[in-house]
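Undergrad:
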Amino acid sequence: MEPQPQYNAIASKESFQTIRFRLNAKEDPVRQRNYRLAAIGAVVALVGIAGCAFLDSGESPFMYQDIPVAKGSTTAGEGHSVTLKGNALPLAGPGIAVGESLRNVTVAKGDLSLLNIADTKGKVRIISIVPSLDTAVCEQQTHYLSEKNQGLDQSVELITVSVDTPFAQGRFAKKAKIDNITFLSDFRGGLFGMAHGLLVKDPHLLARAVMVVDKNNVVRYLQVTPELAQMPDLDAAFKAANELAEKS
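Residue numbers 4 to 251, in the working numbering, belong to the letters of the sequence shown in order.
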């Protein structure tokens, strides 16, 4: 019986030339059939390899994880603390509560220029506060804010504040393809965190929180997650923001 051709994963230019020559030669029908199969197999192998290389070189899409959503809220400010996997982390600063005004404090924009966070008034805002975008929970919190807000981004401003540098925030936004969130950096001493009682003393990070602020800079919703490894209840924040936007 005529042996069947073997298909290698990689086919060289010379192998195609050899197959083409043999197909043009006066071979018997069985050999002609086998050479045609070899040619098809070589092409399929190359296409498969090229396809895998293309997929491997691309960015992997973000995948949501099963991260617990925090129930309840801790109090912002000195004398209170959050936990990281059960370990207490004291908060610094005078704190803020529902009904109080957003503090006058500067943060950095993507171009390193400074902005008073209170100057964002005039529109309902959801301010998502994360320790660092370079962690799984913060990444998911930011994607959720961007992608699951049910169209609120058309009438409500979405803001994320972290201690990451503006450059790091810009890289994150570009990689994540997020363009409906304003990223503001508290890397210049944690002034935003300190002013709102959301600065973790050690390590120097922000607590995880979400606040909804009305167009007059009054905080109408606030959740500070008691455990940093848990997500805030962004759906509750979306509901509060939507109700405010409808009244505005």
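Glycine is no exception: its CB is placed at the ideal position from the N, C-alpha and C atoms.
1) Do the stretch 146–161 and the stretch 82–90 make contact, defined as three or more Cβ pairs closer than 8 Å?
2) Buried or exposed: V140, going by 16 or more other Cβ atoms within 10 Å of its Cβ?
3) Leaving out the 5 sequence neighbours to the left and right, which residues in its chain are closer than 7 Å to R191 when beta-carbon positions are compared?
4) Can you give the Cα-Cα distance for N119 and Y67, rounded to whole angstroms?
5) In whole angstroms, what is the alpha-carbon distance linking G173 and V101?
6) Pair every Cβ in the stretch 201–212 with every Cβ in the stretch 120–129, then say whether three or more of these pairs are closer than 8 Å.
7) The alpha helix (DSSP H) spanning R211 covers which residue range?
8) Report the rounded CA-to-CA distance for S60 versus K178, giving the unit in angstroms.
9) When DSSP labels each residue in this structure, what does F57 get in the three-state scheme?
10) Are the Cβ atoms of T163 and V203 separated by less than 8 Å?
11) Any beta-carbon of chain C closer than 8 Å to the one on I181?
12) For T145, which of helix, strand or coil comes out of DSSP?
13) Relative to the C-alpha of K250, which residue among K218, L94, A240, E81 is closest?
14) Could you compute how far the alpha carbon of S165 sits from the alpha carbon of T78?
15) Closest by CA to N183, which one among D167, F170, L161, T109?
16) Taking Cβ to Cβ, would you say D114 is nearer than 8 Å to L136?
17) Run the CB neighbour count on S104, radius 10 Å, all protein chains shown included, and call it buried at 16 or more, exposed below.
18) Looking at the structure shown, is A240 part of a helix, part of a strand, or coil, going by DSSP?
19) Do you know how far the Cα of T185 is from the Cα of F170?
20) Closer than 7 Å by C-beta to A244: which residues in its own chain qualify, once you throw out the five before and the five after it? Chain order, please.
21) So, D238 versus Q226, is the Cβ gap smaller than 8 Å?
22) Note the first and the last residue of the continuous alpha helix (DSSP H) segment covering Q172.
23) Using CA atoms only, rank isn't needed, just tell me which of Q143, A73, A121 is closest to F65.
24) Please state the DSSP three-state secondary structure of G102.
TA: Per the coordinate set shown:
1) no
2) Here the question's residue 140 lines up with position 137 in the sequence shown. It is buried - the Cβ of V140 has at least 16 other Cβ atoms within 10 Å.
3) Locating residue 191 in the sequence shown gives position 188, where the first residue counts as 1. Taken in chain order, the residues that qualify are A111.
4) Within the sequence shown, residue 119 is the residue found at index 116, counting from 1. Within the sequence shown, residue 67 is the residue found at index 64, counting from 1. Their Cα atoms are separated by approximately 33 Å.
5) Residue numbering aside, residue 173 sits at position 170 when the sequence shown is read from its first letter. Residue numbering aside, residue 101 sits at position 98 when the sequence shown is read from its first letter. About 30 Å.
6) no
7) For the purposes of this step, residue 211 is taken as residue 208 along the sequence shown, with counting starting at 1. First-last for R211: undefined, no H or E at that position.
8) In the sequence shown, residue 60 corresponds to position 57, counting from 1. In the sequence shown, residue 178 corresponds to position 175, counting from 1. Confidence at S60 is low in this model, with a pLDDT of 38, below 50, so its placement is unreliable and the value that follows should be read with caution. In a straight line, the C-alpha of S60 is about 14 Å away from that of K178.
9) Stepping through the sequence shown from its first residue, residue 57 is reached at position 54. Only weak support is given to the placement of F57: the predicted model assigns it a pLDDT of 31, under 50, and the value that follows is read from those uncertain coordinates. DSSP places F57 in helix when its eight states are reduced to three.
10) By 1-based counting over the sequence shown, the position of residue 163 is 160. By 1-based counting over the sequence shown, the position of residue 203 is 200. Their beta carbons are not under 8 Å apart, which means T163 does not touch V203 by this criterion.
11) Included in the structure is just one protein chain, with no chain C present.
12) Numbered from its first residue, the sequence shown carries residue 145 at position 142. Correct three-state label for T145: helix.
13) Within the sequence shown, residue 250 is the residue found at index 247, counting from 1. Comparing Cα positions, the closest option is K218.
14) If you number the sequence shown from 1, residue 165 lands on position 162. If you number the sequence shown from 1, residue 78 lands on position 75. Distance between the alpha carbons of S165 and T78: 19 Å.
15) Translated into positions along the sequence shown, residue 183 becomes position 180. Closest by alpha carbon: L161.
16) Taking the first residue of the sequence shown as 1, we reach residue 114 at position 111. Taking the first residue of the sequence shown as 1, we reach residue 136 at position 133. No; because the gap between Cβ atoms is not below 8 Å, this pair is not in contact.
17) Walking along the sequence shown from the start, residue 104 turns up at place 101. It counts as exposed.
18) Taking the first residue of the sequence shown as 1, we reach residue 240 at position 237. Three-state result, A240: helix.
19) The sequence position of residue 170 within the sequence shown is 167, counting from 1. The sequence position of residue 185 within the sequence shown is 182, counting from 1. Between F170 and T185, the C-alpha separation is close to 13 Å.
20) Position 241 of the sequence shown holds residue 244. Answer for A244: V127, I129, L155, V159, V215, listed in chain order.
21) The residue labelled residue 238 in the question sits at position 235 within the sequence shown. The residue labelled residue 226 in the question sits at position 223 within the sequence shown. Contact: no.
22) Your numbering for residue 172 matches position 169 in the sequence shown. 169–179 is the span of the alpha helix (DSSP H), which, as asked, contains Q172.
23) Along the sequence shown, one-based indexing puts residue 65 at 62. Answer by Cα proximity: Q143.
24) Translated into positions along the sequence shown, residue 102 becomes position 99. Coil at G102, not helix or strand.
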